[in-house]
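What follows is a set of notes on a single structure, which appears directly below.
Numbering (this note's numbering), first residue to last: 35 to 409.
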């Protein structure tokens with residue numbers, strides 16, 4: 035099984051920086067939901083912020099992806115939850131030609147295809163809110179020809195990410211999209227040098243990592259969810275129910291536009307009106323930003339101060355609010371104008387009896403020019 039797994043990795047030529055490595059983490063805090071049937075594409079298109087047409091097999095009219103990052107919204111435009119959606123190749127061998135059963139796309143490509151009856155999409159979601167999403171999907175199914183259920187626990191969700199926070203100029207091996215009967219490996223659609231994997235739980239993970247390192251002379255190190263969370267926070271990437279609490283933020287505030295999780299060219303979907311208005315004519319005053327404790331010798335754990343205000347010491351002006359934390363790192367929903375645009379990168383977490391000095395900074399994957407106004 036390990037031999038077959040290794041054959042999935044195809045590396046392009048590259049120049050290695052020996053201080054870099056990939057970390058691999060089994061995201062046991064994730065759950066998969068299966069949406070299967072003729073209307074699976076059309077059904078999800080009306081529920082998510084991204085464009086499900088990117089997942090079409092053999093798509094010729096837009097970029098084809100094996101995985102998209104997306105948001106589910108409430109009718110008022112606020113975020114319900116974030117998720118990844120994988121195409122239908124999981125569990126199918128390379129020789130499987132079931133995609134040929136798909137109907138040809140009509141001239142009006144704005145309408146999702148009618149899929150074959152056995153076509154399937156997998157939704158990866160935070161385990162703590164998977165039941166809420168399951169009920170949400172069932173509620174909106176109506177007469178759509180789809181079946182919604184939890185698949186068996188054959189696959190584990192894994193993430194491959196850089197061993198240290200890097201910028202877009204860092205050079206890593208490029209892992210091509212690959213699939214087999216027991217594994218799907220695909221690019222994490224949010225930012226460069228990150229990958230998402232669905233791996234058969236019967237694979238020997240330690241042996242896989244050892245063989246990868248030996249075969250490609252590049253470190254692959256098993257990591258933990260705690261380390262992955264801290265890495266995300268230092269990189270300014272929110273993910274899951276803690277970072278995107280139900281009903282408490284807007285898609286742009288979650289950086290959904292910067293993380294390629296929102297399409298502004300598709301048709302209508304639940305919560306679309308406010309999202310489109312903000313994009314075309316509105317103002318994005320607040321965004322998730324990385325928060326870092328300045329005194330690294332402190333015993334403070336930012337997790338204990340979630341939802342506390344972050345203020346300027348000079349005039350007490352509110353700079354934002356700490357959303358979540360792990361150790362010395364966290365995420366804050368910060369006013370862009372009062373922080374990044376004004377160059378004010380330090381502030382103080384205001385607790386009931388103390389001020390804790392922290393700093394914020396613009397993530398490396400943000401656009402070079404960040405504006406308060408979209409236009």
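Each residue gets a CB set at the ideal place from its N, CA and C atoms; glycine is no exception.
A distance of 8 angstroms or more separates the beta carbons of residue 84 and residue 67.
Taken in chain order, the whole beta strand (DSSP E) runs of length 3 or more contained in the region 306 to 386 are 320 to 327, 343 to 345, 352 to 360, 363 to 369 and 380 to 384. Beta-bridge partners of residue 154 (DSSP): 70. Closest option to residue 64, judged by alpha-carbon separation, among 82, 107 and 157: 157. When secondary structure is reduced to three states using DSSP, residue 180 falls in the coil class, being assigned neither helix nor strand. The three-state reading of DSSP puts residue 396 in coil, since its state is none of H, G, I, E or B. Within the DSSP bridge table, the entry for residue 231 names 192 and 219 as partners. Minimum Cα-Cα distance from residue 271 among the listed residues 343, 185 and 287 corresponds to 287.
Just measuring C-alpha positions, the residue of 76, 318, 80 and 82 sitting nearest residue 90 is 76. Of the other Cβ atoms in all chains shown, 16 or more fall within 10 Å of the Cβ of residue 154; this residue is therefore buried.
Straight across, the Cα-Cα distance linking residue 198 with residue 269 is about 10 angstroms. Collapsing the DSSP output to three states places residue 291 in coil.
According to the DSSP secondary-structure assignment, residue 59 is paired through a beta bridge with 193.
Rounded to the nearest whole angstrom, the CA to CA distance from residue 309 to residue 115 is 15 angstroms. Ranked by Cα distance from residue 219, the options 225, 401, 295 and 231 are led by 231. Beta-carbon to beta-carbon, residue 355 and residue 367 are separated by about 5 angstroms, close enough to satisfy the 8 angstroms threshold.
Residue 364 sits close to residue 325, with the two beta carbons spaced by under 8 angstroms.
According to the DSSP secondary-structure assignment, residue 103 is paired through a beta bridge with 118.
Assignment of residue 65 by DSSP, reduced to helix, strand and coil, places it in the strand class. In the three-state reduction of the DSSP assignment, residue 165 falls in the helix class. Rounded to whole angstroms, residue 165 and residue 275 show a C-alpha spacing of 13 angstroms.
Here the alpha carbons of residue 373 and residue 330 stand approximately 21 angstroms from one another. With a 10 Å radius around the Cβ and a threshold of 16 neighbouring Cβ atoms, residue 291 comes out buried. Taken through DSSP and simplified to helix, strand or coil, residue 257 comes out as coil. By the beta-carbon neighbour count (other beta carbons within 10 angstroms, threshold 16), residue 298 is exposed. Counting only the Cα atoms, residue 313 lies some 12 angstroms from residue 111. Look at residue 159 here: in three-state DSSP terms it is strand. Approximately 26 angstroms separates the beta-carbon atoms of residue 216 and residue 196; this is outside 8 angstroms, ruling out the contact.
Spanning the alpha carbons of residue 98 and residue 300 requires a straight line of approximately 15 angstroms.
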